[in-house]
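Heads up, the thing below is written out as C-alpha cells.
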Amino acid sequence: DQVVRDLRSVLSLGRGGAPAAAWRAPIVKTVAHSGEGIEDVIDAIERHREMLGSTGSLTARRERRARDEIEAIAVTALRARFTDLHGHADLDALAARVAAGEQDPYTAADMLVEAL
Numbered sequence: 003d004q005v006v007r008d009l010r011s012v013l014s015l016g017r018g019g020a021p022a023a024a025w026r027a028p029i030v031k032t033v034a035h036s037g038e039g040i041e042d043v044i045d046a047i048e049r050h051r052e053m054l055g056s057t058g059s060l061t062a063r064r065e066r067r068a069r070d071e072i073e074a075i076a077v078t079a080l081r082a083r084f085t086d087l088h089g090h091a092d093l094d095a096l097a098a099r100v101a102a103g104e105q106d107p108y109t110a111a112d113m114l115v116e117a118l
C-alpha cells in the first residue's frame with residue numbers, strides 16, 4: 003500500500019508535458035508469486051490500447067515510428083554511398099579546390115551531395 007501511495011505521489015508531480023486529457027496510467031497492484039492482479043494488468047493494457055485507437059494516437063505513433071525507420075534507413079544508405087566516395091576523384095578534386103581557396107567547403111559539400 004505504501005508503494006501505491008508513493009507511485010500516486012510521483013505520478014501527480016507532473017505529466018511530462020502531456021496534455022491533461024491524455025491517458026492517466028493506472029496503478030495496478032500485483033503479486034508475482036500468486037498471480038494476483040494479472041487480470042487487472044491485462045484489462046488496463048486493453049483499455050490503454052482502446053484509448054490509443056479511439057483518439058488516433060496509435061496510428062500517429064505507428065506513423066512516427068515508420069517515418070523514423072525510413073529516415074534511419076535512408077541516412078544509412080546515404081552514409082554508405084558517401085563512404086564509397088572516399089578517395090573518389092570528385093571528392094579529391096573538390097578537396098584540392100577548397101584547399102587552394104578556389105571554392106568554399108559549403109559549396110563543395112553541396113556539389114558532393116548532389117552527386118549522390
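In the working numbering, the protein residues as written are 3 to 118.
Just so you know, even glycine gets a beta-carbon here, dropped at the ideal spot from N, CA and C.
L114 is the residue among L114, V100, A62 whose C-alpha sits nearest the C-alpha of T85. Remark: C-beta atoms of G39 and K31 approach each other more closely than 8 Å. For S56, the enclosing alpha helix (DSSP H) stretches over residues 40-57. If you draw a straight line from the Cα of A102 to the Cα of R81, it is about 27 Å long. The continuous stretches of alpha helix (DSSP H) do not include E104, and DSSP gives it neither H nor E.
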